[in-house]
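Worksheet: the structure to be examined is printed underneath.
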Amino acid sequence: MTDAATKAGFVALIGEPNAGKSTLLNRMVGAKVSIVTHKVQTTRARIRGVAMAGQAQLIFIDTPGLFKPRRRLDRAMVAAAWGGAADADVVVLMIEAHRGMSEGVKAILANLPDRMGKTKVALAINKIDKVKSESLLALTRDMNEAFAFAETFMISAERGHGCDDLRAWLVEQVPEGPWLYPEDQIADLPMRMIAAEMTREKLTLRLHQELPYELTVETENWEERPDGSARIDQLIYVARDGHKGIVLGKGGETIKAVSQAARAEITEFLGRPVHLFLQVKVRPNWLEEKERYSEMGLDFKDGNA
Numbered sequence: 001m002t003d004a005a006t007k008a009g010f011v012a013l014i015g016e017p018n019a020g021k022s023t024l025l026n027r028m029v030g031a032k033v034s035i036v037t038h039k040v041q042t043t044r045a046r047i048r049g050v051a052m053a054g055q056a057q058l059i060f061i062d063t064p065g066l067f068k069p070r071r072r073l074d075r076a077m078v079a080a081a082w083g084g085a086a087d088a089d090v091v092v093l094m095i096e097a098h099r100g101m102s103e104g105v106k107a108i109l110a111n112l113p114d115r116m117g118k119t120k121v122a123l124a125i126n127k128i129d130k131v132k133s134e135s136l137l138a139l140t141r142d143m144n145e146a147f148a149f150a151e152t153f154m155i156s157a158e159r160g161h162g163c164d165d166l167r168a169w170l171v172e173q174v175p176e177g178p179w180l181y182p183e184d185q186i187a188d189l190p191m192r193m194i195a196a197e198m199t200r201e202k203l204t205l206r207l208h209q210e211l212p213y214e215l216t217v218e219t220e221n222w223e224e225r226p227d228g229s230a231r232i233d234q235l236i237y238v239a240r241d242g243h244k245g246i247v248l249g250k251g252g253e254t255i256k257a258v259s260q261a262a263r264a265e266i267t268e269f270l271g272r273p274v275h276l277f278l279q280v281k282v283r284p285n286w287l288e289e290k291e292r293y294s295e296m297g298l299d300f301k302d303g304n305a
């Protein structure tokens, strides 16, 4: 490859919910593109983050966690995850070192041969600081006996350990060709959707464990103002009247705190002032509405049983 040659390719991150895919994506890209919380199943759409590594452009697909689906939204998320992997030039399976070969990991391993075909799959054992080296070696052996991984990496996505080695290997795997995105673009999601994801993250962190999967956030209006600021109006859809009260909080304190936190993060992301206005609406059947799935970047048909 000459000095002038460029490379570009798609890298899919797959794994169980909470394996650290979003954290790794954000580290590779160098900015917060994907929603990161300690609650599982927070990434709903396939979020593409664009990372530059020398003359190579790595387009990361952060897929929803692979889990056993129970309802339409779950099924659409799992279909999006496998679809993202099928579209990639190279796939990285992320597992948590301390959880090892869980039932969920075993189910993913069973699907890999049929789903991946000839696509290279690397193994990234994440959160290595949580276990001893002997356990890591045993886990590496067991995983590679279960599937022929092209390469195995020991990483800590949160601390950055091993991430440079993984990035360098990925650069070697992607094909030569022109860059697919402008050099300064870090995501191919519309800003409206990124802003909605940021607000949903703040809601997820703030609210009761069960509620976040029963709500969604949409950016209804985005107005660029003459002074360089932006006015953003967002709708929070919840399934029940009781949920609306939880989102609003006593005297509106919850929605106010969420709005302040989301506004601060969106402002930092855009690098300019933002005026954020949130409204909560009850839509009992939003989980069955095609339009809601389009806003989340999911295919409604994928949710069919």
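The sequence shown maps to residues 1 to 305 in full-length UniProt numbering. All C-beta atoms in this analysis are idealised placements derived from N, C-alpha and C, irrespective of residue type, glycine included.
By how many angstroms is the C-alpha of residue j removed from the C-alpha of residue i?
{"i": "E146", "j": "A196", "result": "What sits at residue 146 in the sequence shown is Ala, not Glu. Straight-line Cα distance between these residues: approximately 39 Å."}
{"i": "R75", "j": "N111", "result": "16 Å"}
{"i": "Q57", "j": "K281", "result": "41 Å"}
{"i": "A53", "j": "W179", "result": "12 Å"}
{"i": "A51", "j": "M28", "result": "6 Å"}
{"i": "T152", "j": "R167", "result": "13 Å"}
{"i": "E16", "j": "S135", "result": "20 Å"}
{"i": "L24", "j": "N221", "result": "31 Å"}
{"i": "A239", "j": "A230", "result": "29 Å"}
{"i": "K39", "j": "G242", "result": "Summary for K39: the model assigns pLDDT 49, below 50, so the residue's position carries little reliability; its value from the coordinates is reported in the next sentence. Straight-line Cα distance between these residues: approximately 21 Å."}
{"i": "D62", "j": "V171", "result": "17 Å"}
{"i": "F277", "j": "E223", "result": "12 Å"}
Where does residue i sit, in a helix, a strand or coil, going by DSSP?
{"i": "H243", "result": "helix"}
{"i": "T204", "result": "helix"}
{"i": "Q55", "result": "coil"}
{"i": "L101", "result": "It is Met, not Leu, that sits at residue 101 in the sequence shown. M101 falls in the coil class under three-state DSSP."}
{"i": "V91", "result": "strand"}
{"i": "D3", "result": "Annotation note: pLDDT 49 at D3 (below 50); position unreliable, coordinate value reported separately. Reduced to three states, the DSSP call for D3 is coil."}
{"i": "V171", "result": "helix"}
{"i": "E291", "result": "helix"}
{"i": "E197", "result": "helix"}
So residue i is in the beta strand (DSSP E); what residue range does that whole segment cover?
{"i": "L13", "result": "K7 to G15"}
Could you tell me if residue i is buried or exposed, where buried requires 16 or more neighbouring beta carbons within 10 angstroms of its beta carbon?
{"i": "K290", "result": "exposed"}
{"i": "R263", "result": "buried"}
{"i": "N126", "result": "buried"}
How far does the alpha helix (DSSP H) with residue i in it reach, from first residue to last?
{"i": "L25", "result": "K21 to V29"}
Next item on the list: Could you name each continuous beta strand (DSSP E) segment of 3 residues or more that falls completely within the UniProt domain "KH type-2" (207-284), going from the start of the chain to the end?
Entry: The UniProt domain "KH type-2" (207-284) contains these whole beta strand (DSSP E) runs: 215-224, 230-238 and 274-282.
Check: In chain order, which beta strand (DSSP E) runs of at least 3 residues are fully inside the segment 113-168?
Finding: Complete beta strand (DSSP E) runs here, min 3: 120-126 and 151-154.
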